[in-house]
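Protein chains in written order, with the numbering used here: chain A, 16 to 249; chain B, 39 to 477.
Beta carbons are placed, not taken as given, at the ideal position from N, Cα and C, and that holds for glycine.
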């Protein structure tokens, strides 16, 4: 009995040793990958940070309204966040490559999925950024046009334009990421429909006077006092 | 008269080859060949001006007959797609129509050529067409006339052409007798800012009536980019600025009374785009010129000084104030990107003040404009948005101008404008500081 235990134990130790001897080089390779990934990621981060600074990415992000969101979330500047994000993606990519060298069967599949997912993630981020940029641009254009045309509640109009664009962009982003596609589609439909209905009711109920005034200005001969209010600027 | 008699046909043909490759239509070029070389070219850009164009063309023809009967003259009418028969009216009015009445006789044929450059008006394409025609026909002097001047007289042609033909000036800008509250954008921004920056006191830097030498026209035609930026409007101001920075000989000539034109509120933003946009965008390429100018000097003025009419004009001050206050409140986030905190705080204080206390002082207005110019150069937000954001603030300044000059004499109004100009000049170092320091 005792000999059997010793034999099994020796066997197990032998297997452990053989397994360890088998995995140790792979582990070292994985660690080398991780270290190389860290170095490469750090290098990419530094280069990217310089490029973003050069192209004044923070200003672009400020215009897009992304900087305000980051500030509210107590996060650093947009260029810093993007640099760090790329660093982590690169490093994680290298770590996962290293892990795949270990030859763990289930893990390899997950690693492949991760690399398959990366391009979609980047496209989604790209859409998100330019979507925010478009939302900011069009909402500001609406605000300025409404203020200069003396339309009541210009900020509400501007906010409505921004919300519509952001909801639209989010639905595209989630579809690109493949996350809860059906749920997002339904949610988008409901949100968009509700927004339109709300606007229609608001315009119908609250904007009767505005609509009347607009139609009067458009089709009825302008009243005397309306002609008096501006002198020729040029 | 054959073209060979002019001795210019080969040269014209060579250049026409270039023109053909650019933007002039074959038919237009053919008509230009038929005209041959000219001494005077009158540009008359139009778009649905049938109501006024007849009187304008007759005044031009009368001026040519009276003052330049020996000169070879052509009227070039670039039309932006009129649907009321304007081009036909321009070419259909014969000089013989009023010769018996006026007892004037031309010694040369006066040609009128019309060409349609598109289906919508563009001052840039119209001027380019005029300049190209001027170069092809080797015109010595050119004038551009507004098609909707209801009180144009034959003398205007002479007053714009004579300084070029006789005194060798390259650019003649007009001065008018105007109502004290007309052209508020000119008196409160364009004139004082151009004067402070470039050192020349040109009262009407943006105008639809001006004269220029063929040489200046040719230089501008070849040097201007004629890109999307110039298509946005304000080519007339770009032309004036090009003459200033090119150190051309510039003078002003008094034309007469400029009719008061009532415009609706919506016209302000296009007016800003056509004037302030080109003014701001020219600051960067012309930095070396304007940054070295420290004082302003008078420009030779032919005829009397610009005069001010004091007739009462109704202006809705309440609406101006309301639009200023609403703009300051609603556009706060936009102004945060453009203005300094102290300027914005001052504007917010004024917007919240009682109507009787409303006052947008000259110094604050100048600081506002300079901060807008610096923000435009740095593109802190979309440049067109920066120009649009200036509209409510301009209304506030216009209101103060109306209040300050409500009961003033012509001299008081002139002194007020002069005071504002001096403020623009005094605060110029502030613009330079903003230009150099702002990131």
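Give the straight-line distance between the Cα atoms of residue 69/B and residue 107/B, rounded to the nearest whole angstrom.
Each residue's Cα considered, the two are about 22 Å apart.
Between 179/B, 359/B, 197/B, which lies nearest to residue 165/A when the distance is taken from Cα to Cα? Minimum Cα-Cα distance from residue 165/A among the listed residues 179/B, 359/B, 197/B corresponds to 359/B.
Checklist entry - Can you list the residues of chain A that residue 315/B reaches, using a CB-CB cut of under 8 Å? => result Per Cβ cutoff of 8 Å: no residues; residue 315/B is ~13 Å from chain A at best.
Problem - Boundaries of the alpha helix (DSSP H) in which residue 410/B is found, first to last residue - result: For residue 410/B, the enclosing alpha helix (DSSP H) covers residues 400-416.
- Query: Can you list the beta strand (DSSP E) stretches of 3 or more residues lying completely in the stretch 230-259 of chain B, in chain order?
  - Reply: Counting whole runs of 3 or more residues, the stretch 230-259 of chain B contains the beta strand (DSSP E) stretches 248-251.
Practice task
Determine the closest residue to residue 377/B out of 431/B, 210/B, 351/B, 340/B, with distance taken between C-alpha atoms.
Solution key: With distances taken between Cα atoms, residue 377/B lies closest to 431/B.
### Query
Exposed or buried, which one is residue 197/B when buried takes at least 16 other CB atoms within 10 Å?
Answer is buried; the Cβ neighbour count reaches 16.
Hey, is the stretch 197-214 of chain B in contact with the stretch 279-289 of chain B, meaning 3+ C-beta pairs nearer than 8 Å? Under the Cβ criterion (8 Å, minimum of three pairs), the stretch 197-214 of chain B counts as touching the stretch 279-289 of chain B.
Is there contact here, the stretch 90-97 of chain A with the stretch 149-156 of chain A, by at least three beta-carbon pairs under 8 Å? Taking 8 Å as the limit for Cβ pairs, the verdict is that the stretch 149-156 of chain A does not touch the stretch 90-97 of chain A.
Measure how close the beta-carbons of residue 362/B and residue 437/B come, nearest whole angstrom, since I'm counting them as under 8 Å. Contact flag correct, Cβ pair sits at about 7 Å.
>> What are the residues in the stretch 140-154 of chain A lying within 8 Å of chain B by C-beta distance?
In response: Within the stretch 140-154 of chain A, the residues whose Cβ lies closer than 8 Å to some Cβ of chain B are 152, listed in chain order.
Starting from the Cα of residue 546/B, find the closest Cα among 216/B, 184/B, 113/B and give me that residue. Limits of chain B in this structure are 39 at one end and 477 at the other, which puts residue 546/B out of reach.
Check: Do the stretch 337-355 of chain B and the stretch 210-229 of chain B meet, that is, are 3 or more Cβ pairs less than 8 Å apart?
Finding: Result yes; three or more Cβ-Cβ pairs closer than 8 Å.
(request) Let me know if residue 103/A comes out buried or exposed under the rule of 16 or more other beta-carbons within 10 Å of its beta-carbon. (result) Exposed: under 16 other Cβ atoms inside 10 Å.
List, in order along the chain, the chain B residues whose C-beta lies closer than 7 Å to that of residue 162/A?
In chain order: 364, 365, 368, 369, 430.
**Message:** Is the beta carbon of residue 297/B closer than 8 Å to that of residue 445/B?
**Reply:** No. Outside cutoff.
Does the beta carbon of residue 247/A come closer than 8 Å to any beta carbon on chain B?
So, interface residue.
Short of 7 Å Cβ to Cβ, which residues in the stretch 349-363 of chain B face chain A? Within the stretch 349-363 of chain B, the residues whose Cβ lies closer than 7 Å to any Cβ of chain A are, in chain order, 351, 352, 353, 354, 357, 361.
Candidates 109/A, 143/A, 213/A, 49/A: which alpha carbon is nearest residue 188/A's? Comparing alpha carbon positions, the residue from 109/A, 143/A, 213/A, 49/A closest to residue 188/A is 143/A.
Next item on the list: Check each residue of the stretch 265-296 of chain B: if its Cβ is closer than 7 Å to any Cβ of chain A, include it; give the result in chain order.
Entry: The stretch 265-296 of chain B vs chain A, Cβ under 7 Å: nothing.
List the whole-angstrom C-beta distance separating residue 149/B from residue 113/B, where the pair is believed to meet the contact cut-off of C-beta under 8 Å. That belief holds up - the Cβ atoms of residue 149/B and residue 113/B are roughly 7 Å apart, short of 8 Å.
Is the beta carbon of residue 272/B less than 8 Å from the beta carbon of residue 315/B? Between residue 272/B and residue 315/B, the C-beta spacing is below 8 Å.
Practice prompt. Using a Cβ-Cβ cut-off of less than 7 Å, give me the residues of the stretch 402-434 of chain B that come near chain A, in sequence order.
Written response: Shown in chain order are the members of the stretch 402-434 of chain B whose Cβ falls below 7 Å from a Cβ of chain A: 419, 420, 423, 426, 427, 429, 430.
### Task
Could you work out which residues of chain B lie near residue 158/A, taking near to mean beta carbons separated by less than 8 Å?
Within 8 Å Cβ-Cβ: 368, 369, 372.
TODO: Would you kindly work out how many angstroms separate the C-alpha atoms of residue 333/B and residue 104/B, rounded to a whole number?
DONE: Each residue's alpha carbon lies about 41 Å from the other.
- Message: Within 8 Å of any Cβ in chain B, is that where the Cβ of residue 177/A sits?
- Response: Residue contact with chain B for residue 177/A: absent (no Cβ-Cβ distance below 8 Å to any residue of chain B).
query = Where does residue 34/A land, buried or exposed, given buried means 16+ other C-beta within 10 angstroms?
reply = Exposed is the call here.
### Query
Can you tell me whether DSSP reads residue 186/B as helix, strand or coil?
Taken through DSSP and simplified to helix, strand or coil, residue 186/B comes out as coil.
8 Å Cβ cutoff, residue 214/B in contact with chain A: With a threshold of 8 Å between beta carbons, residue 214/B makes no contact with chain A.
Q.
Which of the three DSSP states is assigned to residue 7/B in this structure?
A. Residue numbering for chain B in the displayed model covers 39 to 477; residue 7/B lies beyond these limits and cannot be assessed.
DSSP state of residue 28/A, grouped into three classes?
Secondary structure at residue 28/A: helix, using DSSP grouped into helix, strand and coil.
inquiry  = For a contact defined as C-beta to C-beta under 9 Å, what are the partners of residue 6/B on chain A?
reply    = Residue 6/B falls outside the range modelled here, since chain B spans only 39 to 477, and no answer is possible.
Discussion item. So, does the stretch 107-120 of chain A touch the stretch 33-48 of chain A, judging by three or more C-beta pairs under 8 Å?
Written reply: Contact between the stretch 107-120 of chain A and the stretch 33-48 of chain A is present: 3 or more CB-CB pairs across the two stretches fall below 8 Å.
Discussion item. Between which two residues does the beta strand (DSSP E) holding residue 212/B run?
Written reply: For residue 212/B, the enclosing beta strand (DSSP E) stretches over residues 209-217.
When 31/A, 44/A, 25/A are compared against residue 111/A, the one with the closest alpha-carbon:
The candidate whose alpha carbon is nearest that of residue 111/A is 44/A.
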